[in-house]
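Numbering follows our numbering, in which position 75 of the sequence shown is assigned residue number 76; successive positions increment by one, without gaps.
Backbone N, C-alpha and C define an ideal beta-carbon position, used for all residues, glycine too.
The structure presented is a predicted model; accordingly, all values stated were derived computationally and were not measured.
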Amino acid sequence: MMMLDWTRRAACLDLDPELFFPISAEGPGRSQVEQAKHVCARCPVREACLAYALDTRQAYGVWGGTDPDQRRDLALAAAHHA
């Protein structure tokens with residue numbers, strides 16, 4: 002499978018993918034989500050990553066600096082404005 006061009010410039014490229022996919026958003030997972038979001042905050046392709054996650058309905062993990070609940074809220078808001 003060919004990598005999407007923007008992924009080659011992602012701040013997370015050389016990090017452990019598990020950081021972005023915690024077992025839970027509670028307990029130790031909460032700290033993991035915050036660490037992942039911190040990486041995303043300095044990422045040059047954050048918007049492309051978030052758009053990809055919304056377009057492909059990613060239900061798990063931190064994408065574009067958002068967690069699954071935040072992406073669900075964004076998707077609902079977009080559906081209401083469509």
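Rounded to a whole number of angstroms, what is the C-alpha to C-alpha distance between residue i and residue j?
i    : j   : result
L75  : A60 : 13 Å
P45  : R10 : 7 Å
G28  : A37 : 15 Å
A42  : S32 : 15 Å
D68  : A80 : 18 Å
A78  : D17 : 31 Å
C160 : V40 : Missing from the structure shown is residue 160; the chain here goes from 2 to 83 and no further.
R58  : G66 : 15 Å
D70  : D15 : 26 Å
Please state whether the Cβ-Cβ distance between residue i and residue j is less than 8 Å.
i   : j   : result
A52 : R72 : no
Residues in the same chain with beta-carbon distance under 6 Å from residue i, minus the five sequence neighbours each way, listed in chain order, please.
i   : result
G30 : P23 and I24
Taking 7 Å as the limit between beta carbons, can you name the residues of its chain near residue i, skipping five residues before and five after?
i   : result
V63 : F21, V34, A37, K38 and C41
Chain C beta carbons: is any one of them nearer than 8 Å to that of residue i?
i   : result
R47 : Here there is only one protein chain, and chain C is not present.
**Item:** the stretch 16-29 / the stretch 46-59 touching (three or more Cβ pairs under 8 Å)
**Value:** Too few Cβ pairs lie closer than 8 Å, so no.
**Message:** My parser needs the beta strand (DSSP E) runs of 3 or more residues fully inside the stretch 46-77; what are they?
**Reply:** Uninterrupted beta strand (DSSP E) stretches at least 3 residues long and entirely within the stretch 46-77 do not occur.
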